[in-house]
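>
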Amino acid sequence: MIKLENVTKTYKRGGDDEVIALNDVTLEVAKGEFVFVVGPSGSGKSTFMRLLTREQVPDTGSIHVAGKDLTTLRSWKIPSLRREIGYVFQDFKLLPNKSVSENIAFALEVIGKNRREIQRRVPEVLELVGLEAKANALPHELSGGQQQRVSIARAFVNSPRILLCDEPTGNLDPSTSVGIMKLLDRINRTGATVVMATHDQHIVDSMRRRVIELENGFVVRDQSRGVYGYAG
Amino acid sequence: MSARWRYIIQESAKGLRRNPLMTIAVILSITVSLTLLGATLLLRDQIDLATDDWVDQVEVSIFLCDGQSCPEITEQQLDDLRSDLEAQPAVDEVHYESKEEAYERFQELFRDQENLLDIVEPDILPASFRVSLHNPDEFLIINEQFEEYPGVEDIVDQREILTQFLNFTRVVRNGAFAVAVIQLAAAALLIGNTILMSAFARREQTAIMRLVGASNWYIRLPFLMEAVITGIVGALVSWGLLYGVVPRVTDGLSREVLLMPFIGEAHVIAAGPPLLLAGFGIAAGSSIVALWFFKDS
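Encoded structure:
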């Protein structure tokens with residue numbers, strides 16, 4: 450589903466000063482996997498996520514996502530790539546003047562889905578995230594955990610094959626985070642591949658899923674059923 | 013209407029209402045530049061009309077007495093005058109125009125100005141010799157030689173007057189065009205800036221649209237539409253201004269200057285489509301360029 454081969458990405462920082470965000474990274478994520486990407490700030494997690502959505506292109510190496518070769522993908526085909534990917538942000542990024550169901554419907558409207566499909570899909574996904582009762586609430590009337598559920602509903606409403614979550618529990622307290630993880634787990638069980646960048650040691654340790662650890666742009670660990678740091 | 017188009021129209025209306033003063037400023041700036049552009053087009057029409065219908069035919073007119081202010085020219089005097097004109101080496105061609113022909117030509121020239129046609133009786137216009145010269149500068153020779161001929165009422169170098177008028181008109185047209193171009197450039201920059209501000213104000217929304225896979229044209233069309241609406245409104249206002257002002261001015265001029273025909277309402281109406289096209293083009297072009305920058309930000 451996701452395949453990186455010898456991917457290197459550097460950023461120019463004025464003059465000849467270069468920052469290496471990813472250094473010769475090769476890895477593969479199979480369909481239906483649940484993967485944590487861990488590592489300190491600046492280790493390359495964000496760059497990794499941005500490469501998958503083709504917000505950025507690598508300097509060298511090749512990337513395949515959902516059957517598409519991103520290094521040769523024409524820019525007018527980027528939207529069709531992104532329709533295969535749901536994206537969940539740390540800060541939710543809900544539109545403040547739209548209700549919960551409007552926020553979710555928006556993701557379908559702007560890719561040209563017809564009204565009948567929107568009216569069918571939005572209640573379904575609201576039920577999945579457990580917010581049927583809040584359909585007409587505005588984002589500021591919700592708790593952080595509820596807002597993140599809406600954000601996940603929006604990311605998943607188009608039934609993407611891949612869900613990318615960038616620190617989804619970063620703004621939430623631990624008990625709320627557990628609920629969010631249960632939701633992501635449920636989505637993963639429907640067959641979607643989930644990639645989650647996180648700092649949250651407790652969550653990684655309790656889920657016991659594959660862990661990819663980045664440090665200074667290198668993959669320093671890739672372990673199935675792993676924990677946040679080396680045990681012990 | 014499909015959900016897509018409803019979304020696009022809603023969003024562009026939102027953009028226009030978000031900053032009404034800015035919207036008015038953009039429309040005014042487009043109006044000013046397109047009014048100048050329209051004036052340029054109409055002055056060109058005026059020059060063409062005067063040149064085609066008039067200047068190429070008119071050289072020197074020798075008006076003949078018809079008994080109203082001097083004794084009517086006799087057959088003998090007419091023949092003498094014609095043969096002397098034809099013998100004069102400076103003269104290229106001589107054409108006699110009877111009173112009836114003069115009236116016919118007058119009607120043809122001023123076909124757009126009915127009130128003028130009403131006040132001119134067929135009898136008022138004198139018969140004339142219309143004389144073309146090898147070199148228009150030799151008018152003085154003709155004037156000196158034939159001024160005192162019996163039966164000649166007046167000799168007029170119409171070309172001289174018209175050439176001066178047309179040169180003046182050309183200078184005005186070129187000036188108006190230059191200012192129109194500068195104004196259009198300013199309007200284009202203003203539109204581009206406004207569209208960028210509008211896009212920036214909604215960057216959260218467009219960022220989400222991008223990540224859920226909305227196509228580029230779907231993201232940008234509302235902004236493009238916003239600009240095109242201001243462009244077309246500006247063009248309509250400038251068209252209306254020209255329609256209200258120009259026919260009055262030319263109507264007034266045509267009462268004062270009987271030498272040549274003037275453009276009328278029909279010309280102003282015909283200038284509309286090019287103005288609308290220019291308004292559309294300048295708005296669409298500048299916002300496409302602006303949004304091209306926005307994509308990379």
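Protein chains in written order, with my numbering: chain U, 450 to 681; chain H, 13 to 309.
Idealized CB from N, CA, C, for every residue including glycine.
All values reported here derive from a predicted model rather than from experimental measurement.
(1) Under 8 Å by Cβ, that's how I've got Ser140 of chain H and Leu76 of chain H pegged, so tell me the actual separation to the nearest angstrom.
(2) Report the partner residues of Asp671 of chain U according to the DSSP bridge assignment.
(3) From the beta carbon of Ala211 of chain H, is the nearest beta carbon of chain U less than 9 Å away?
(4) Roughly how many angstroms separate the alpha carbons of Leu137 of chain H and Arg260 of chain H, rounded to a whole number?
(5) Scan the segment 218-245 of chain H for residues whose Cβ lies nearer than 9 Å to a Cβ of chain U and list them as they occur along the chain.
(6) Below 9 Å between beta carbons: does that hold for Lys517 of chain U and Leu500 of chain U?
(7) Leaving out five residues before and five after Glu23 of chain H in sequence, what residues of the same chain have Cβ atoms less than 7 Å from its Cβ?
(8) When DSSP labels each residue in this structure, what does Trp260 of chain H get in the three-state scheme?
(9) Label Lys526 of chain U either buried or exposed according to how many other C-beta atoms from any shown protein chain fall within 10 Å of its C-beta, with 16 as the threshold for buried.
(10) Which residue from H:Val164, H:Thr63, H:Gly252, H:Leu90 puts its Cα closest to that of Ile275 of chain H?
(11) Which residues in the same chain have their Cβ closer than 7 Å to the Cβ of His146 of chain H, if we skip the five residues on either side of it in sequence?
(12) Determine, for Glu120 of chain H, whether the minimum Cβ-Cβ distance to residues of chain U falls below 9 Å.
(13) Starting from the C-beta of Thr475 of chain U, find all residues in its chain whose C-beta is less than 7 Å away, skip the five residues before and the five after it, and write them out in chain order.
(14) Assign Phe75 of chain H to one of three DSSP states: helix, strand, or coil.
(15) Determine, using beta carbons only, whether Gly27 of chain H comes closer than 9 Å to chain U.
(16) Which partner residues of Tyr460 of chain U appear in the DSSP bridge assignment?
(17) Considering Cα atoms alone, identify which of U:Arg659, U:Lys461, U:Gly488 is closest to Phe667 of chain U.
(18) In chain U, which residues lie less than 8 Å from Glu216 of chain H when you measure between Cβ atoms?
(19) Quick one: which unbroken beta strand (DSSP E) runs of 3-plus residues sit fully inside the segment 524-581 of chain U? Chain order, please.
(20) Between the C-alpha atoms of Arg16 of chain H and Asp615 of chain U, what's the straight-line distance to the nearest angstrom?
(21) Below 9 Å between beta carbons: does that hold for Ala41 of chain H and Leu265 of chain H?
(22) Quick one: grab the DSSP three-state call for Met450 of chain U.
(23) Would the segment 619-630 of chain U count as touching the segment 551-568 of chain U if we require 3 or more Cβ pairs under 8 Å?
(24) Mind checking which residues open and close the alpha helix (DSSP H) that includes Thr625 of chain U?
(25) Return helix, strand or coil for Ile648 of chain U, following the three-state DSSP convention.
(26) Distance, Cα to Cα, Val184 of chain H vs Thr262 of chain H?
(27) Less than 9 Å between the beta carbons of Val249 of chain H and Thr43 of chain H, yes or no?
(28) Residues of chain U with CB under 7 Å from Arg16 of chain H, in chain order?
(29) Ends of the beta strand (DSSP E) at Glu84 of chain H?
(30) Between the segment 528-547 of chain U and the segment 590-610 of chain U, do three or more beta carbon pairs fall short of 8 Å?
(31) In whole angstroms, what separates the C-alpha of Asn186 of chain H from that of Trp304 of chain H?
(32) For Ala556 of chain U, decide whether its Cβ has a neighbour in chain H, counting only Cβ atoms nearer than 9 Å.
(33) Could you run through the segment 572-593 of chain U and flag, in chain order, every residue whose CB is less than 8 Å away from some CB of chain H?
(34) So is Asn400 of chain U in contact with chain H if we call contact Cβ pairs under 9 Å?
(35) Verify the CB distance criterion: does Pro528 of chain U have a CB-CB separation below 9 Å to chain H?
(36) Using 9 Å as the threshold, is the C-beta distance between Ala586 of chain U and Val571 of chain U below it?
Taking the geometry as given:
(1) Cβ-Cβ separation between Ser140 of chain H and Leu76 of chain H: approximately 6 Å, consistent with a contact (criterion under 8 Å).
(2) U:Ile661
(3) Residue-level contact by beta carbon fails for Ala211 of chain H and chain U, as no gap is shorter than 9 Å.
(4) As the crow flies, the alpha-carbon of Leu137 of chain H is around 26 Å from that of Arg260 of chain H.
(5) Ala219, Ile220, Met221, Arg222, Leu223, Val224, Gly225, Ala226, Ser227, Asn228, Tyr230, Ile231
(6) no
(7) Pro234
(8) For the record, residue 260 of chain H in the displayed sequence is Arg; it is not Trp. Three-state result, Arg260 of chain H: helix.
(9) Exposed.
(10) For the residues H:Val164, H:Thr63, H:Gly252, H:Leu90, the minimum Cα distance to Ile275 of chain H belongs to H:Thr63.
(11) Closer than 7 Å at Cβ, skipping near neighbours: Ala102, Asp104.
(12) no
(13) Leu453, Glu454, Asn455
(14) strand
(15) Interface annotation, Gly27 of chain H: not in contact with chain U, CB-CB separation never under 9 Å.
(16) Beta-bridge partners of Tyr460 of chain U (DSSP): U:Val468.
(17) The candidate whose alpha carbon is nearest that of Phe667 of chain U is U:Gly488.
(18) Lys542, Leu544
(19) 534-537
(20) Roughly 30 Å separates the two Cα atoms.
(21) First, the amino acid is wrong: residue 41 of chain H is Ser here, not Ala. Result no, Cβ atoms of Ser41 of chain H and Leu265 of chain H do not sit closer than 9 Å.
(22) coil
(23) A contact is defined here as three or more CB-CB pairs under 8 Å, and the segment 619-630 of chain U fails this definition with respect to the segment 551-568 of chain U.
(24) 623-638
(25) Correcting the residue identity first, residue 648 of chain U is His in this sequence and not Ile. Reduced to three states, the DSSP call for His648 of chain U is coil.
(26) 15 Å
(27) In this structure, Thr43 of chain H lies closer than 9 Å to Val249 of chain H by Cβ.
(28) Gly561
(29) Glu84 of chain H -> no beta strand (DSSP E), and no H or E assigned at all.
(30) yes
(31) 33 Å
(32) yes
(33) none
(34) For chain U, the structure presents residues 450 to 681; residue 400 of chain U sits outside this window and is missing.
(35) Yes, its Cβ sits closer than 9 Å to a Cβ of chain H.
(36) no
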